[in-house]
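Residue numbers (my numbering): -8 to 384.
Notes for the one structure printed next.
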């Protein structure tokens, strides 16, 4: 059934928007005429043309809501209807309305999620598809909620570790701009005819050059920022950057622990959901985000097809930690591979938390010291000549 969006005036004479389902535009107008509101416009809401999508945060909230509603013994359609009512008047409302409409006419929930590939990952869809076949939607959504919450927490940790250094760098850059473009030019007359220290002469010459070419400087600065952002978004650049970053001591530990957590956590959830190991590997390797490790997992996948053991194949790769291999060897003997993968994810997650905490505490004094030295040297180079009494004679 088509979806129509309409605008209307509320009791406070403010323009509001909402959506409804109807068989045709005329039917939609007929439904709206029965309401005691003043309608401004009614148009068909083309879901495909608008390409609506949910953000990762929206997907987390959606999964959490579905999990809680299924625990409360509501059917899937009732749960989706509740979420649709909750989001009425919001940007994402058309997505949930279409979900309800498709589910009502008998479309499988996993098929509905496949149509929203920009919002829901292949792993998410695969787990829902397995849950539909096994009748375990409630437990699968509980696992999906835990997985998305852990991923969200990891992203916030990585982001928070970078926020403080970025703030210090931005603040110090503003101070340097103020010094070179405003303070030093305004004090230049005080230094005329005086014998200055070489560092002071260099700083004054730098300020004169920047002021004389400030238009070119700011355009180059903005272009450089745009170029860096564009390069970071390019897939090839990410691969090259990752290959260099992973060689740095602290960064290497963070990247390896983060990708191992993603891989083992995803594998644990997929295997416990009933996905066979080769299919689970094919899906889980896409969450790694590093080509070298993805290639290593692809080799493991090929070996499994030939009949070799999972732990044995992982042990042949120098990229996989020996602790992880030993734990999986034991798990294969006892038949507890999914549980062991969950335990491994927990171990590396705790190690990642500890490393992030150490780096965060270490970066603060390093950045403060570096920025203090740079700004301090510039200020001293400018202010020290003013304290020399002989220069006034």
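Even for Gly, the Cβ is constructed at its ideal location relative to N, Cα and C.
Remember, predicted model here, so these are calculated numbers, not experimental data.
Original post:
According to the neighbour-count rule (16 or more other Cβ atoms, all chains shown, within 10 Å of its Cβ), is residue 50 buried or exposed?
Top reply: Residue 50 sits at position 59 when you count from the first residue of the chain shown. It is buried - the Cβ of residue 50 has at least 16 other Cβ atoms within 10 Å.
**OP:** Go through its chain and collect everything with a Cβ distance to residue 166's Cβ below 8 Å, but skip five positions before and after it.
**Re:** As a working note, residue 166 is residue 175 in the chain shown. So the qualifying residues of the chain are 366.
**OP:** Confirm, please, whether the CB-CB distance from residue 369 to residue 231 is below 8 Å.
**Re:** Walking along the chain shown from the start, residue 231 turns up at place 240. Walking along the chain shown from the start, residue 369 turns up at place 378. No, these two residues do not count as a Cβ contact at 8 Å.
Subject >> Runs of alpha helix (DSSP H) lying entirely within the segment 88 to 171, each at least 4 residues, in chain order >> reply: With a minimum length of 4 residues, the continuous alpha helix (DSSP H) runs that stay inside the segment 88 to 171 are 100 to 105, 113 to 125 and 128 to 169.
Original post:
What residue does the alpha helix (DSSP H) around residue 66 start on, and which one ends it?
Top reply: Locating residue 66 in the chain shown gives position 75, counting from the first residue. It is not in any alpha helix (DSSP H) - residue 66 carries neither H nor E in the DSSP assignment.
**OP:** Check each candidate in 362, 254, 148 and 299 and name the one with the smallest Cα separation from residue 388.
**Re:** Since the first residue of the chain shown is -8 and the last is 384, residue 388 is not available in this structure.
Original post:
In three-state terms, what does DSSP make of residue 276?
Top reply: Your numbering for residue 276 matches position 285 in the chain shown. Helix at residue 276.
Subject >> Three-pair Cβ contact test at 8 Å for the segment 87 to 106 versus the segment 56 to 70 >> reply: The segment 87 to 106 vs the segment 56 to 70: in contact.
Subject >> Spatially closest choice to residue 257 from 87, 80 and 113, by CA coordinates >> reply: Counting from one through the chain shown, the residue named residue 257 turns up at place 266. The candidate whose alpha carbon is nearest that of residue 257 is 113.
Original post:
On the three-pair Cβ rule with 8 Å, is the segment 304 to 312 touching the segment 279 to 293?
Top reply: yes
**OP:** Measure the alpha-carbon distance for residue 6 versus residue 0 and round it to whole angstroms.
**Re:** Residue numbering aside, residue 6 sits at position 15 when the chain shown is read from its first letter. Residue numbering aside, residue 0 sits at position 9 when the chain shown is read from its first letter. Rounded to whole angstroms, residue 6 to residue 0 spans 5 Å at the Cα level.
**OP:** Would you kindly report the start and end of the unbroken alpha helix (DSSP H) that includes residue 176?
**Re:** Here residue 176 refers to the residue found at position 185 when the chain shown is read from its first residue. Following the DSSP letters along the chain, one finds residue 176 inside the alpha helix (DSSP H) bounded by residues 175 to 178.
Original post:
Would residue 245 be called buried (16 or more neighbouring beta carbons within 10 Å of its own) or exposed?
Top reply: For the purposes of this step, residue 245 is taken as the residue at position 254 of the chain shown. Burial call: buried.
Subject >> Ranges of the alpha helix (DSSP H) found wholly within the segment 253 to 302, counting only runs of at least 4 >> reply: Fully enclosed alpha helix (DSSP H) runs of 4 or longer: 268 to 275 and 282 to 297.
Original post:
Within the chosen definition, does the segment 343 to 353 reach the segment 317 to 334 through at least 3 CB pairs nearer than 8 Å?
Top reply: Cβ pair count under 8 Å is below three, so no.
Subject >> Simplified DSSP state of residue 0, which is helix, strand or coil >> reply: The residue labelled residue 0 in the question sits at position 9 within the chain shown. Residue 0 falls in the strand class under three-state DSSP.
**OP:** Apply the 10 Å Cβ neighbour rule to residue 2 and answer buried if 16 or more other Cβ atoms are within range, or exposed otherwise.
**Re:** The count along the chain shown starts at 1 and reaches residue 2 at position 11. With fewer than 16 Cβ atoms within 10 Å of its Cβ, residue 2 is classed as exposed.
Subject >> Neighbourhood of residue 187 by C-beta, 8 Å cutoff - its chain only, sequence neighbours within 5 removed >> reply: For the purposes of this step, residue 187 is taken as the residue at position 196 of the chain shown. The answer, listed in chain order, is 195 and 376.
Original post:
Per DSSP, what kind of secondary structure is residue 324 in: helix, strand or coil?
Top reply: Along the chain shown, one-based indexing puts residue 324 at 333. Three-state DSSP puts residue 324 in a helix.
Subject >> Residue from 344, 336 and 303 whose Cα sits closest to the Cα of residue 320 >> reply: One-based indexing of the chain shown puts residue 320 at position 329. Among 344, 336 and 303, the Cα nearest to that of residue 320 belongs to 303.
Original post:
Starting from residue 225 and walking both ways along the alpha helix (DSSP H), at which residues does that stretch end?
Top reply: One-based indexing of the chain shown puts residue 225 at position 234. Looking at the DSSP string, residue 225 is not in any alpha helix (DSSP H), and its letter there is neither H nor E.
**OP:** Using a threshold of 8 Å, state whether the C-beta atoms of residue 202 and residue 172 are closer than that.
**Re:** Reading the chain shown from its first residue, position 211 is the one you call residue 202. Reading the chain shown from its first residue, position 181 is the one you call residue 172. Against a cut-off of 8 Å, the Cβ pair of residue 172 and residue 202 comes out as a contact.
Original post:
According to the neighbour-count rule (16 or more other Cβ atoms, all chains shown, within 10 Å of its Cβ), is residue -3 buried or exposed?
Top reply: By 1-based counting over the chain shown, the position of residue -3 is 6. Answer is buried; the Cβ neighbour count reaches 16.
**OP:** Give a yes or no on whether the C-beta atoms belonging to residue 339 and residue 251 are separated by under 8 Å.
**Re:** For this step, residue 339 is matched to residue 348 along the chain shown. For this step, residue 251 is matched to residue 260 along the chain shown. The answer is yes: Cβ separation under 8 Å.
Original post:
In the structure shown, what three-state DSSP assignment does residue 30 receive?
Top reply: Here the question's residue 30 lines up with position 39 in the chain shown. Strand.
**OP:** Could you work out which residue in 373, 357, 371 and 374 is closest to residue 157 when comparing CA atoms only?
**Re:** What you label residue 157 is simply residue 166 of the chain shown in a count that begins at 1. Looking at the Cα atoms, 357 is the closest of the given residues.
Subject >> Beta carbon of residue 191 nearer than 8 Å to that of residue 373 >> reply: Your numbering for residue 191 matches position 200 in the chain shown. Your numbering for residue 373 matches position 382 in the chain shown. A contact, by the Cβ cut-off of 8 Å.
**OP:** Return the chain-ordered list of same chain residues with a C-beta closer than 7 Å to the C-beta of residue 423, the five sequence neighbours on each side being excluded.
**Re:** Since the first and last residues shown for the chain are -8 and 384, residue 423 lies out of range.
Original post:
Hey, residue 139 and residue 61: beta-carbon distance below 8 Å or not?
Top reply: Position 148 of the chain shown, counted from the start, is the residue given in the question as residue 139. Position 70 of the chain shown, counted from the start, is the residue given in the question as residue 61. The Cβ atoms of residue 139 and residue 61 do not sit closer than 8 Å to each other.
Original post:
Can you tell which of 104, 273 and 64 has its C-alpha closest to the C-alpha of residue 45?
Top reply: The residue you call residue 45 lines up with position 54 of the chain shown. Nearest option by C-alpha distance: 104.
Original post:
Since residue 33 and residue 21 are thought to touch, with beta carbons under 8 Å apart, how far apart are those beta carbons, to the nearest angstrom?
Top reply: Position 42 of the chain shown holds residue 33. Position 30 of the chain shown holds residue 21. Actually they are not in contact, since the Cβ atoms of residue 33 and residue 21 sit about 11 Å apart, beyond 8 Å.
Original post:
Would you say residue 264 and residue 153 are within 8 Å of each other, going by their C-beta atoms?
Top reply: Walking along the chain shown from the start, residue 264 turns up at place 273. Walking along the chain shown from the start, residue 153 turns up at place 162. Against a cut-off of 8 Å, the Cβ pair of residue 153 and residue 264 comes out as no contact.
Subject >> Secondary structure of residue 55, DSSP reduced to three states >> reply: As a position in the chain shown, residue 55 is number 64, starting the count at 1. In this structure, residue 55 counts as helix in the three-state DSSP scheme.
Original post:
In this structure, what does DSSP give as the bridge partners for residue 6?
Top reply: Here residue 6 is taken as the residue at index 15 of the chain shown, counted from 1. 0.
Subject >> C-beta atoms of residue 86 and residue 107 nearer than 8 Å >> reply: For the purposes of this step, residue 86 is identified with residue 95 of the chain shown, where counting begins at 1. For the purposes of this step, residue 107 is identified with residue 116 of the chain shown, where counting begins at 1. In contact: residue 86 and residue 107 (Cβ atoms closer than 8 Å).
Original post:
Is the distance from the Cβ of residue 269 to the Cβ of residue 118 below 8 Å?
Top reply: In the chain shown, residue 269 corresponds to position 278, counting from 1. In the chain shown, residue 118 corresponds to position 127, counting from 1. Here residue 269 is not near residue 118, since their CB atoms are 8 Å or more apart.
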